[in-house]
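Visitor: If you use this note's numbering, the sequence shown corresponds to residues 53 to 310, in order.
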Amino acid sequence: MFGILTIEERPRGGVRERLKLRLCSRCRIRTGMYTERMTLFVTARVALHGGDSPARRQKYLTRALLHLKRSGAHRVVVPPEAAEAAVRLALAPVRTGAALRACIPQTVRLLMAERGLLPEQTCVVVQARKFDRSMANGVLTVAPQVRAIRLISADSEIALRESLLGDFGIACTGEAPEGTESICLCFDGEVPGAEDMSGGEGCRLALSAPPERLASMPEGAAPSEYVAALFLSGAIAGPDIRVERKVMLDMREENNII
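1) Could you please give the first and the last residue of the uninterrupted beta strand (DSSP E) stretch that includes Leu-118?
2) Thinking Leu-57 and Ala-134 are a contact (beta carbons under 8 Å), I'd like their distance in whole angstroms, please.
3) For Pro-268 and Ile-288, I'd like the C-alpha separation in whole angstroms.
4) Since Ala-280 contacts Arg-147 with CB under 8 Å, what's their CB separation in whole angstroms?
5) Give me the DSSP bridge partner(s) of Ala-246.
6) Thinking C-alpha only, which one of Arg-265, Glu-296, Thr-232 and Gly-218 is nearest Cys-255?
7) Please report the residue range of the alpha helix (DSSP H) in which Arg-193 lies.
8) Would you call the stretch 130-145 and the stretch 163-178 in contact, with 3 or more CB pairs under 8 Å?
9) By Cβ distance below 6 Å, which residues in the same chain neighbour Arg-153 in space, the five residues on each side in sequence not counted?
10) Cα separation between Gln-110 and Ser-215?
11) For the beta strand (DSSP E) containing Met-85, name the first residue and the last one.
12) Quick one: give me the first and last residue of the beta strand (DSSP E) that Val-129 is part of.
13) Can you tell me whether DSSP reads Phe-283 as helix, strand or coil?
14) What would DSSP say about Gly-168, mapped onto helix, strand or coil?
15) Could you tell me the boundaries of the beta strand (DSSP E) in which Glu-55 lies?
16) Check whether the Cβ atoms of Val-177 and Leu-217 lie closer than 8 Å to each other.
17) How far does the alpha helix (DSSP H) with Leu-152 in it reach, from first residue to last?
18) Determine the extent of the alpha helix (DSSP H) in which Glu-136 is found, giving its start and end residues.
19) Which same chain residues, not among the five before or five after Glu-233, have their C-beta less than 8 Å away from its C-beta?
20) Take Gln-158 and list the residues in its own chain whose beta-carbon comes closer than 7 Å to its own, dropping the five residues that flank it on each side.
21) Any idea if Met-13 is buried or exposed, counting beta-carbon neighbours within 10 angstroms, 16 or more meaning buried?
Now the structure itself:
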């Protein structure tokens with residue numbers, strides 16, 4: 053079961069409004085549940101306002117997380133502000149890494165379009181400690197659409213290399229062919245110049261889905277993590293996920309101003 057925690061930011065308001073929120077817990081936290089493709093999602097929406105101290109904000113976020121846990125949730129979609137509290141309660145915040153591993157073809161198409169590359173000009177480099185089934189399927193899907201594939205892994209992945217050679221005539225060699233430009237996808241650690249596919253803070257890719265698949269998404273939920281939760285629950289398949297660039301909401305970060 054998955055839990056979804058969202059925050060409703062309210063203006064500071066008058067004395068009456070502040071007392072109402074302070075004295076009435078139901079006014080602070082609204083709960084619900086719904087199903088998505090046979091998977092139950094439980095929700096908690098927390099009302100916070102500008103007069104709340106950091107400690108008070110954490111108090112109500114923790115209370116909402118406890119509701120999700122008592123309702124049976126083990127994995128949760130939470131805002132960054134609530135991630136540490138979720139871990140303390142043994143709730144696992146949903147990360148996008150698993151879904152990104154199933155999105156190699158979409159990511160390659162996005163990067164090819166950004167760089168204006170034709171298939172015959174493209175060499176895809178995939179680096180990971182180990183290839184799981186979704187990654188292997190992604191590599192096999194993208195192979196006919198590019199000129200070359202390079203696999204960099206501690207695991208030999210002989211079967212995958214043989215399949216690429218036998219099915220598509222693509223040999224995984226150590227160097228990119230002459231006249232190609234490499235698209236590098238890194239699933240573990242940091243590699244200079246590579247697209248971070250780990251789903252961590254360095255990842256600049258966002259996940260989306262067709263509007264009809266997002267119709268039940270609670271207001272304020274993080275879209276990428278919500279799509280990842282749908283993928284982990286089996287409610288959406290890898291090929292149905294859309295990969296986009298993250299929107300830079302902080303203009304100071306966009307202009308490299310700290």
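All residues carry an ideal CB built from backbone N, CA and C; glycine is no exception.
It should be emphasised that the depicted structure is a prediction, and the values quoted were computed from it without experimental measurement.
Guide: For this structure:
1) One-based indexing of the sequence shown puts residue 118 at position 66. Per DSSP, Leu-118 belongs to no beta strand (DSSP E); it is in the alpha helix (DSSP H), 106-122.
2) For the purposes of this step, residue 57 is identified with residue 5 of the sequence shown, where counting begins at 1. For the purposes of this step, residue 134 is identified with residue 82 of the sequence shown, where counting begins at 1. With 8 Å as the limit, Leu-57 and Ala-134 qualify as a contact, their Cβ atoms being about 6 Å apart.
3) Start at 1 with the first residue of the sequence shown, and residue 268 comes out as number 216. Start at 1 with the first residue of the sequence shown, and residue 288 comes out as number 236. One detail in the question is off: residue 268 reads as Ser in this sequence, not Pro. Cα to Cα, the separation comes out at about 13 Å.
4) Translated into the one-based positions of the sequence shown, residue 280 becomes position 228. Translated into the one-based positions of the sequence shown, residue 147 becomes position 95. Contact holds; Cβ gap of about 7 Å.
5) Looking up residue 246 in the sequence shown gives position 194. Answer is none; Ala-246 lacks a bridge partner.
6) Within the sequence shown, numbered from 1, the residue matching residue 255 stands at position 203. Of Arg-265, Glu-296, Thr-232 and Gly-218, the residue nearest in Cα terms is Glu-296.
7) Locating residue 193 in the sequence shown gives position 141, counting from the first residue. Looking at the sequence itself, residue 193 is Thr, so the reference to Arg does not match. Looking at the DSSP string, the run of the alpha helix (DSSP H) that includes Thr-193 is 185-194.
8) no
9) Counted from its first residue, the sequence shown places residue 153 at position 101. Counting only Cβ-Cβ distances below 6 Å, and skipping sequence neighbours, we find Ser-186 and Met-187.
10) Position 58 of the sequence shown, counted from the start, is the residue given in the question as residue 110. Position 163 of the sequence shown, counted from the start, is the residue given in the question as residue 215. Taking the straight line from one Cα to the other gives about 51 Å.
11) By 1-based counting over the sequence shown, the position of residue 85 is 33. Its beta strand (DSSP E) spans residues 81-88.
12) Mapped onto the sequence shown, residue 129 falls at position 77. First-last of the beta strand (DSSP E) with Val-129: 127-129.
13) In the sequence shown, counting from the first residue as 1, residue 283 sits at position 231. Note: Phe-283 maps to helix in three-state DSSP.
14) Locating residue 168 in the sequence shown gives position 116, where the first residue counts as 1. Coil at Gly-168, not helix or strand.
15) As a working mapping, residue 55 is identified with position 3 in the sequence shown. The question names Glu, but residue 55 in the sequence shown is Gly. That run of the beta strand (DSSP E) goes 54-62.
16) Translated into the one-based positions of the sequence shown, residue 177 becomes position 125. Translated into the one-based positions of the sequence shown, residue 217 becomes position 165. Result no, Cβ atoms of Val-177 and Leu-217 do not sit closer than 8 Å.
17) Translated into the one-based positions of the sequence shown, residue 152 becomes position 100. Start and end: 149-153.
18) Taking the first residue of the sequence shown as position 1, residue 136 is located at position 84. First-last of the alpha helix (DSSP H) with Glu-136: 135-140.
19) Here the question's residue 233 lines up with position 181 in the sequence shown. The residues are Arg-167, Leu-169, Gln-173, Thr-174 and Cys-175.
20) Mapped onto the sequence shown, residue 158 falls at position 106. Closer than 7 Å at the Cβ level, and outside the excluded window around Gln-158, lie Ile-293, Arg-294 and Val-295.
21) Given a span of 53 to 310 for the chain in the structure shown, any question on residue 13 remains unanswerable.
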